[in-house]
């Protein structure tokens, strides 16, 4: 626990917390040992964010939630797709292009107003949602999800509402995350490969897909079809914000393409140290993304709450009455008009909404308070969905909130949802991967005995050396908690109190 | 108290693979959860440290920018507002003043009348047609109203309103919004009449305040106040293109 060991990244890992405050310490100063404490918690923090991708269930539910929202939305709007985002939109391509040239938002629909191209993009968008929902080739699908969401929304930016805004942001953030650790076909494939002892890099479909993406991107750029990604125009190289040709979205896509290819190559040819470092970098990025998602939720609720406090209607307790009487938000006018005239109810909802929204970020400090507020908020969103006719907005908000759902609950939910599905497919029930079970890293501290995976379920897999498999993580955990409860506090509270 | 433990790699020492000899040989079997940082080469540790540092800086910057973008005008945004906006726009734009500071307290109906040429060459003008009313019809008793009904006209009118001052367009956005709302009107009209005969359009908004709740003593005038725009001469590309989706059954509103 000497600062010596703490100086090594993570070497002071476990030593940390205890060592700093020896029992016999008589010193009254509350600051005693603070330096060491700081060192050790820094080391622990670094260890936390590099060793694992936190919140496997939370990121998975966010992935599933947003894929579902956008899928449902695209299917619902399928008959209206041409008027919303396509060639028949009153926000015509001519208007859209003028705005896009000004604000530089990214959309592939900028490149062409062709009907067939639009259909392709829309159908691709639907397919991508399905794949993302199922967790098939998730790292690619998060990128395609981002591309299709941005393409549609930025094509007709004045069609959206708050729900679209949330989907837009999350589509960007999800690219950073390893959101297929559980509840995904990817996890299942990895598990099976490990069971059979096949290296995960033996993946012809993946390689093919990767090559195909490169080909499509190259063709789009070289043929000049992807005008906003073009490297050159008639005047020579197109210089973008850092005065390099192709930086910007083209650079981002090629960068991601290289990273994915490189990651495969590293695992294939350098499975030792370079792979470990790659894993850790991926974890760091994932954890940063997770933090961004969480803070984004807080920003949303804080802003919504704090601006409300300043409004006279939220102060006099009548605010909720008004939306219930707006023609654009009242699918059931008879009902909502009645509700809007029940004084106490309106008052309670008005003040309650403000309380909950303002309190939310602070409630995260306490697990119980957080869960109660989550419950209230999700309830309110369901109410908004039904009464104000905003189902997609509300679903998006719920999908976003679910990043804070407790792991215990998610594991339970997964089991509930999983068993009928497995029965339907006639799968063996005790598959270690009952995805929910595996990788329950965060759960174990909370559930103790209820730790979802039998510790013995996975050691076999653990030896296989393919670290992305949740089953394996859980094996480690099982052991960890078995051997004297490796502490919960190895993970930051914001992640696993989840 | 718990004795200081070695990192988990050794803790799990029952397994041969995890027992972490410091050679690179065993690293292939290590997972990032168990490997000791000290078993990694200095270069690797440097890479990880730089990764942590970069992630910290970028995450902090992103979150600070998002927060400041959402926050009201303040000392910091006064100084660095442009930098923040350059970062946020266009993809990270966000607005969370949901029903705030006050919820909208008025119903804004957009109405249109069209001047069209009859087969015998005379110019005639339609009655005022409530376009928002068509939207309401589609929203009523619908569990999942379409964006075409709930957002298109409503947000287009907001856009128009916000990019005009005293009926004059503000720059390009003003122009775009003018074309946009009139095209929406023509699209809606195309379900009611032959828009090829329409030569000019006039839009107006009818604003009705929502009455105060029953228990309130406020006296609110709920009658409509109208605001007419100038007549708009229809250009060819304003008319809906040939294959416009006839999704919605034509509904005669008035």
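Chains as they are written, first to last, in UniProt numbering: chain A, 1 to 498; chain B, 1 to 254.
From the three backbone atoms N, C-alpha and C, an ideal C-beta is built for every residue, glycine too.
Only a predicted model underlies this, so the values are computations on that prediction, with no experimental measurement involved.
Where residue i sits in the DSSP three-state scheme
i, result
"residue 322 (chain A)", "coil"
"residue 354 (chain A)", "helix"
"residue 232 (chain B)", "strand"
"residue 214 (chain B)", "coil"
"residue 140 (chain B)", "coil"
"residue 13 (chain A)", "With a pLDDT of 43 at residue 13 (chain A), under the threshold of 50, the modelled position of that residue is not reliable, and no figure is offered here."
"residue 117 (chain B)", "strand"
"residue 307 (chain A)", "helix"
"residue 106 (chain B)", "strand"
"residue 112 (chain B)", "strand"
"residue 181 (chain A)", "coil"
"residue 73 (chain B)", "coil"
"residue 226 (chain B)", "strand"
"residue 129 (chain B)", "strand"
"residue 235 (chain A)", "coil"
"residue 220 (chain B)", "coil"
Exposure label - residue i; buried when at least 16 CB within 10 Å
i, result
"residue 150 (chain A)", "buried"
"residue 188 (chain B)", "buried"
"residue 80 (chain A)", "buried"
"residue 171 (chain B)", "exposed"
"residue 168 (chain B)", "exposed"
"residue 116 (chain A)", "exposed"
"residue 186 (chain A)", "buried"
"residue 300 (chain A)", "buried"
"residue 287 (chain A)", "buried"
"residue 183 (chain B)", "buried"
"residue 235 (chain A)", "exposed"
"residue 237 (chain B)", "exposed"
Of the listed residues the options, nearest to residue i (C-alpha basis)
i, options, result
"residue 259 (chain A)", "A:395, A:143, A:383", "A:143"
"residue 48 (chain B)", "A:138, A:282, A:193", "A:282"
"residue 67 (chain A)", "A:275, A:171, A:182", "A:171"
"residue 106 (chain B)", "B:213, B:209, B:222", "B:209"
"residue 200 (chain B)", "B:135, B:123, B:109, B:91", "B:123"
"residue 131 (chain A)", "A:63, A:101, A:173", "A:63"
"residue 69 (chain A)", "A:58, A:145, A:352", "A:145"
"residue 106 (chain A)", "B:90, B:109, B:58, B:108", "B:90"
"residue 326 (chain A)", "B:230, B:235, B:222, B:72", "B:222"
"residue 224 (chain A)", "A:59, A:112, A:102, A:408", "A:112"
"residue 406 (chain A)", "A:51, A:50, A:56, A:38", "A:56"
"residue 89 (chain A)", "B:181, B:234, B:197, B:232", "B:181"
"residue 157 (chain B)", "B:97, B:235, B:173", "B:173"
"residue 116 (chain B)", "B:127, B:110, B:108", "B:127"
"residue 179 (chain B)", "A:265, A:100, A:91, A:215", "A:91"
"residue 387 (chain A)", "A:370, A:324, A:359, A:413", "A:324"
"residue 220 (chain B)", "B:30, B:207, B:109, B:98", "B:207"
"residue 67 (chain B)", "B:95, B:57, B:53", "B:95"
"residue 314 (chain A)", "A:50, A:348, A:188, A:413", "A:348"
CB contact flag (residue i, residue j, <7 Å)
i, j, result
"residue 161 (chain A)", "residue 227 (chain B)", "no"
"residue 289 (chain A)", "residue 123 (chain A)", "no"
"residue 44 (chain B)", "residue 277 (chain A)", "yes"
"residue 197 (chain A)", "residue 145 (chain B)", "no"
"residue 240 (chain B)", "residue 190 (chain B)", "yes"
"residue 100 (chain B)", "residue 368 (chain A)", "no"
"residue 135 (chain A)", "residue 180 (chain A)", "yes"
"residue 185 (chain B)", "residue 112 (chain B)", "yes"
"residue 28 (chain B)", "residue 206 (chain A)", "no"
"residue 331 (chain A)", "residue 141 (chain B)", "yes"
"residue 396 (chain A)", "residue 163 (chain A)", "yes"
"residue 210 (chain A)", "residue 250 (chain A)", "no"
"residue 253 (chain A)", "residue 215 (chain A)", "no"
"residue 166 (chain A)", "residue 60 (chain A)", "no"
"residue 321 (chain A)", "residue 340 (chain A)", "yes"
Cβ shell of residue i (< 6 Å), same chain only, five flanking positions each side left out
i, result
"residue 85 (chain A)", "152, 155, 156"
"residue 297 (chain A)", "400"
"residue 385 (chain A)", "391, 394"
"residue 345 (chain A)", "none"
"residue 160 (chain B)", "177, 181"
Other residues of its chain near residue i: CB distance less than 7 Å, five sequence neighbours each side excluded
i, result
"residue 121 (chain A)", "108, 109, 148, 151"
"residue 65 (chain B)", "84, 87, 88"
"residue 133 (chain A)", "64, 67, 68, 71"
"residue 292 (chain A)", "173"
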